[in-house]
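Undergrad: One structure is given below, represented as structure tokens, and several questions about it will come after.
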Amino acid sequence: MFEQTGPHATNLLVLKNILCLVFGVGVLWTIVLSGYELASSLYSLRAYSLLVVLLEGVCRYLTPASSSEISAIAKAKTKKHSKIFETFLVVLLSVCSVIGTHVVVVLFGAYVIENIEATFTLSLLVASLAFIRPLITLGRSAVINLLERQNIESEVKSFAVLVATWAGAFPIPLDWDRPWQVWPLTCSIGAILGELGASVYFLSVLWSKGGTQWKNKARCFNQWYGEKFLSGQTDDTSCEPVYKQYQQCVKDALKKLKIEIPKIEDPSADDKPKE
2 MFEQTGPHAT
12 NLLVLKNILC
22 LVFGVGVLWT
32 IVLSGYELAS
42 SLYSLRAYSL
52 LVVLLEGVCR
62 YLTPASSSEI
72 SAIAKAKTKK
82 HSKIFETFLV
92 VLLSVCSVIG
102 THVVVVLFGA
112 YVIENIEATF
122 TLSLLVASLA
132 FIRPLITLGR
142 SAVINLLERQ
152 NIESEVKSFA
162 VLVATWAGAF
172 PIPLDWDRPW
182 QVWPLTCSIG
192 AILGELGASV
202 YFLSVLWSKG
212 GTQWKNKARC
222 FNQWYGEKFL
232 SGQTDDTSCE
242 PVYKQYQQCV
252 KDALKKLKIE
262 IPKIEDPSAD
272 DKPKE
């Protein structure tokens, strides 16, 4: 389901989603404590947008590259300034995504001049959550990778944010006269709730995936210990990474206890004709 593999990448993915939850709940709590005061809420939303982008950049820097990425990087090293050009292109596309989101929001009914700060803040928030993060993770080919479903996390989060932002516009025309109905708070809150929902979903998937991996390791160890280790057959490749770790632990324990285990001879050796 995830394009990243290995314990380090998985732990980093879990930490990233937990931080996304913390940041999202934090900005919502800040907006509520401010009494939905517009200026303070807009400032909190802009800070949250930049914080999310920064978190994605740090995680991308710390994530170990896959074999295909390593090959691509090795080829890119032969070209001068390729990394600088790639970074510049991602920044340019990120700026374009904010502008494009702003245009789409205006086409959906927002004022062109009036409340331009509020509209721009919403555009920055949606672009940061739905477009800039995939650009940081996948590079300039983010759109192609998302269409080819090569990064399910970015795809689901982008979809959840866009749908929740659109759904957040429904309470605006209702005659409830509530402070949180002010533009663009409902859409912004909807976007953050969509992000929180996607983060909770991926954390549950990672938790379930971790439990399954632990069960598989236990099954592999039981199979190896019962069928291979006790009979002295340790050359089999099934579950090799797991049972070799346990084998080393057993050897270290026996060595510390100064216990010698006699080798079990192969019973088939007695049937061989003696020369």
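Heads up, the numbering used here is the position in the sequence shown plus 1, with the first residue counted as 1.
Quick reminder that beta carbons are idealized off the backbone N, C-alpha and C, glycines included.
(1) Quick one, are the C-beta atoms of S124 and V106 less than 7 Å apart?
(2) Taking the CB atoms as reference points, tell me whether V183 and L43 lie closer together than 7 Å.
(3) Using C-beta distances below 8 Å, list every residue in its chain close to P174, excluding the 5 sequence neighbours before and after it, in chain order.
(4) Using C-beta distances below 8 Å, list every residue in its chain close to L63, excluding the 5 sequence neighbours before and after it, in chain order.
(5) Assuming contact is defined by CB atoms lying nearer than 7 Å, are A168 and V127 in contact in what I supplied?
(6) Can the beta-carbon of G27 be found less than 7 Å from the beta-carbon of I137?
(7) Quick one: grab the DSSP three-state call for V183.
(8) How big is the Cα-Cα spacing for E156 and Q249?
(9) In the structure shown, what three-state DSSP assignment does T138 receive?
(10) Exposed or buried, what is L180 when buried is set at 16 or more other beta-carbons lying within 10 Å of its beta-carbon?
(11) From which residue to which residue does the alpha helix (DSSP H) around H39 run?
(12) Taking the C-alpha atoms as reference points, what is the distance between F160 and E196?
(13) Hey, would you say S129 sits closer than 7 Å to V15, going by beta carbons?
(14) Have a look at S83 and L52 and give me their C-alpha separation to the nearest angstrom.
(15) Count the CB pairs spanning the segment 15 to 24 and the segment 199 to 206 that are closer than 8 Å, and state whether there are at least three.
(16) Determine the contact status of C188 and A170, defining contact as a CB-CB distance below 7 Å.
(17) Can you have a look at K256 and say buried or exposed, based on whether 16 or more other CB atoms are within 10 angstroms of its CB?
(18) Does DSSP put N12 in a helix, in a strand, or in coil?
(19) What are the start and end residues of the alpha helix (DSSP H) that includes F327?
(20) Under DSSP, the alpha helix (DSSP H) around F171 begins and ends at which residues?
(21) Since A119 contacts P172 with CB under 8 Å, what's their CB separation in whole angstroms?
(22) Counting only the same chain and skipping the five closest in sequence on each side, list residues whose C-beta sits under 6 Å from that of C21.
(23) Mapping DSSP to helix, strand and coil, what is I114?
(24) Where Y49 and L108 are concerned, what is the direct C-alpha to C-alpha distance, given to the nearest angstrom?
(25) Please look up how many angstroms separate the CB atoms of L46 and T166, rounded, as I've assumed it's under 8 Å.
(26) Give a yes or no on whether the C-beta atoms belonging to A131 and V92 are separated by under 7 Å.
TA: On the basis of the data shown:
(1) yes
(2) no
(3) none
(4) L13
(5) no
(6) no
(7) coil
(8) 42 Å
(9) helix
(10) The question names Leu, but residue 180 is Pro in the sequence shown. It counts as exposed.
(11) The question names His, but residue 39 is Leu in the sequence shown. Here the alpha helix (DSSP H) through L39 covers 39 to 63.
(12) 9 Å
(13) no
(14) 27 Å
(15) yes
(16) yes
(17) exposed
(18) helix
(19) For the chain, the structure presents residues 2 to 276; residue 327 sits outside this window and is missing.
(20) Run containing F171: none; DSSP gives neither H nor E here.
(21) Between P172 and A119 the Cβ distance is about 16 Å, and since that is not below 8 Å, they are no contact.
(22) S200
(23) coil
(24) 25 Å
(25) Not confirmed; about 12 Å, so no contact.
(26) no
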